[in-house]
Every structure is written in C-alpha cells, then in structure tokens.
Amino acid sequence: MPYSPLMVNPMKEELTSIGFQELLTPEDVDAFMSEREGTALLVINSVCGCAAGQARPGVHLALENESRPDRLVTVFAGQDTEATKQARSYFEDIPPSSPSIALFKNSELVYFVPRHRIESRSAEEVAADLKSAFDRYFAVAPAS
Amino acid sequence: MGTFHQDKGELHGITVVVDTVGDEVYIGRCDEMTEERILLHDVDVHRDGEDGRSKDEYVERAARFGIWKKLEQLAIPTEAIASVRRLGDL
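Top to bottom, those sequences are chains A and B.
If you want this note's numbering, it's the position in the first sequence, counting the first as 1, plus 222.
If you want this note's numbering, it's the position in the second sequence, counting the first as 1, plus 56.
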C-alpha cells in the first residue's frame, strides 16, 4: 500500500526542489530512457530515514561538482511502485534496493550505488562517492 | 527528513553480513541484535561452495551489487554466529 502523500511529499520535494523530474508512471520512465544522448542521474527515493535521509542531501551536495549529469530524475519506491518497477527493469541484473542511485551515460548504466553503500555513510561520504563517479564518467574532455 | 525507528541499536536498518560457524552466511537488513539472536529482514543466504562460490566470494559480489532476497525474515541464534559486519564496510 502506498504511503500517505503527507509523509512522502516532503521527501520528494527535497529532490524536486533542486531540479529533479519525478517519473510517476512506467510511460514516464520509458520516455526518459528513450532519450539516448547525454548523461543522467536516477535516484530511487524511499522513506527509510536510515539511508534515504543521507541519500537526498548527499545527492544535493554532489551536484555542486563541476562535472555533473545533464538530467536529474527520480522515482519513489513504495509509492510510485509501477514507475519504480519499470525503472529497475532497465538494470535487471542488479538486485533491487532503495534508496539507490544510478548514473547513465548515453542510456547505458555506468555506475550504481546500492542501499548498503548509503545507509552507513554520511551525506558527505555519499556525495564524495558520487562526485568521484561524476568525474570519472561525466567529465568533458578538454578541447585539444 | 526520514522516518523514525524505535531504538533497536546501532545496526537497526543496516544491511549486515552474518557469518556462521557452519557453512551458511546470511546477508540482510538488521532489525535488532540481542544477547540471544540477530533478527534480519529481506535475507539472502549462501552456503559455502554453492554455485561454485566460497562464502568470501559471495560476500565480495554482494558488496558490489547487493543481494537478491530469498527470505522475508530470519532469526539467527547467537551461538551460530561467527561474525557480524556491515556490508557497506566491505
């Protein structure tokens, strides 16, 4: 059963207020995944304070990095269940967990942060992990 | 902002690796750990040598990608436990 919007909406707004687009339906997810060019960050948001309470501010901090994804999208596990299921279908080999964070380059999954690498870390540590991945996968090569 | 949990100890909500004195190793989200047992949710279990993987090889892979849940909940008695570690620390 989905959570009360009263509880979930502030958690969603932590991301939408910094530029994330919510993917609410499977069709939203497919439309996002059909855009094959560029870089993207997908947050599978969740209510769990143990981990999501560090994931959201961690993502916020990471986006201060010079290299960063072009597009920011999110689904909410346990709330927007069909959209979340559809999003996970694009990386079926990876066990489902929430919160979790996926980085895409030209529609290909290049980096994934599962829940267990968020839950025991601070927001700053989550951000450092993501910044390192942004630099590795999203940095624009200098013109020669 | 997050949800609130009862005070069930520092490992509550954390994904842990519970190695046993036998062939099994369990990975799941810790609910609580007492003198008698550890209670896990969303648990995967691996037996040494299963699918050609040792316990260590299985745990190493789980640390990279996560686990596939096989059991909703499992209580493991303390006398069966060899060690408890956070998966995120591995």
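Note that the Cβ used here is the ideal one computed from N, Cα and C, for glycine as well.
Just so it is clear, the structure is predicted and the values come from calculations on it, not from any experiment.
Neighbourhood of residue i by C-beta, 8 Å cutoff - its chain only, sequence neighbours within 5 removed
| i | result |
| --- | --- |
| residue 293(A) | 243, 254, 257, 260, 261, 262 and 263 |
| residue 78(B) | 136 |
| residue 92(B) | 133 and 134 |
Cβ-Cβ distance between residue i and residue j below 8 Å
| i | j | result |
| --- | --- | --- |
| residue 81(B) | residue 102(B) | yes |
| residue 355(A) | residue 280(A) | no |
| residue 301(A) | residue 224(A) | yes |
| residue 141(B) | residue 72(B) | yes |
| residue 323(A) | residue 335(A) | yes |
| residue 83(B) | residue 143(B) | yes |
| residue 285(A) | residue 240(A) | yes |
Cα-Cα separation, residue i to residue j
| i | j | result |
| --- | --- | --- |
| residue 350(A) | residue 287(A) | 10 Å |
| residue 138(B) | residue 90(B) | 15 Å |
| residue 362(A) | residue 106(B) | 44 Å |
| residue 95(B) | residue 342(A) | 18 Å |
| residue 65(B) | residue 326(A) | 36 Å |
| residue 130(B) | residue 87(B) | 10 Å |
| residue 358(A) | residue 330(A) | 15 Å |
| residue 234(A) | residue 133(B) | 39 Å |
| residue 364(A) | residue 227(A) | 45 Å |
| residue 145(B) | residue 119(B) | 8 Å |
| residue 229(A) | residue 295(A) | 20 Å |
Proximity test, Cβ basis, 8 Å: residue i and chain B
| i | result |
| --- | --- |
| residue 282(A) | no |
| residue 316(A) | yes |
| residue 339(A) | yes |
| residue 336(A) | yes |
| residue 342(A) | yes |
| residue 319(A) | yes |
| residue 359(A) | no |
C-beta neighbour in chain A for residue i, strict 8 Å
| i | result |
| --- | --- |
| residue 137(B) | no |
| residue 123(B) | yes |
| residue 144(B) | yes |
| residue 70(B) | yes |
Close Cβ partners of residue i (< 7 Å) along its chain, the five nearest in sequence each way excluded
| i | result |
| --- | --- |
| residue 111(B) | 75, 81, 102 and 104 |
| residue 348(A) | 276, 277, 280 and 340 |
| residue 125(B) | 98, 99 and 100 |
| residue 290(A) | 356 and 360 |
| residue 172(A) | The requested residue 172(A) does not occur in the structure, where chain A is confined to residues 223 to 366. |
| residue 57(B) | Model confidence at residue 57(B) stands at a pLDDT of 45, short of 50, so the residue's coordinates are unreliable and nothing is read from them. |
| residue 305(A) | 245, 246, 247, 248, 250, 251 and 297 |
Range covered by the alpha helix (DSSP H) that runs through residue i
| i | result |
| --- | --- |
| residue 351(A) | 345-360 |
| residue 85(B) | Not the alpha helix (DSSP H): residue 85(B) falls in the beta strand (DSSP E), residues 80-89. |
| residue 135(B) | Where residue 135(B) is concerned, there is no enclosing alpha helix (DSSP H), given that its DSSP letter is neither H nor E. |
| residue 230(A) | 227-238 |
| residue 262(A) | No alpha helix (DSSP H) contains residue 262(A), which is instead part of the beta strand (DSSP E) from 261-267. |
| residue 71(B) | Residue 71(B) -> not in any alpha helix (DSSP H); beta strand (DSSP E) instead, spanning 71-76. |
| residue 178(B) | Residue 178(B) is absent from the model: chain B starts at 57 and stops at 146. |
| residue 327(A) | Residue 327(A) -> not in any alpha helix (DSSP H); beta strand (DSSP E) instead, spanning 322-327. |
6 Å Cβ shell around residue i - same chain, five flanking residues per side excluded
| i | result |
| --- | --- |
| residue 308(A) | 248 and 251 |
| residue 85(B) | 71, 97 and 98 |
Residue range of the unbroken beta strand (DSSP E) whose run includes residue i
| i | result |
| --- | --- |
| residue 67(B) | Neither: residue 67(B) is in no beta strand (DSSP E) and is coded neither H nor E. |
| residue 330(A) | 330-335 |
| residue 338(A) | Run containing residue 338(A): none; DSSP gives neither H nor E here. |
| residue 283(A) | Counting along the chain, residue 283(A) falls outside any beta strand (DSSP E), though it belongs to the alpha helix (DSSP H) covering 274-284. |
| residue 296(A) | 293-298 |
| residue 103(B) | 93-103 |
The ligand ADP heavy atom lying under 7 Å from the CB of residue i
| i | result |
| --- | --- |
| residue 74(B) | The ligand ADP is not part of the structure shown, which contains no ligands of any sort. |
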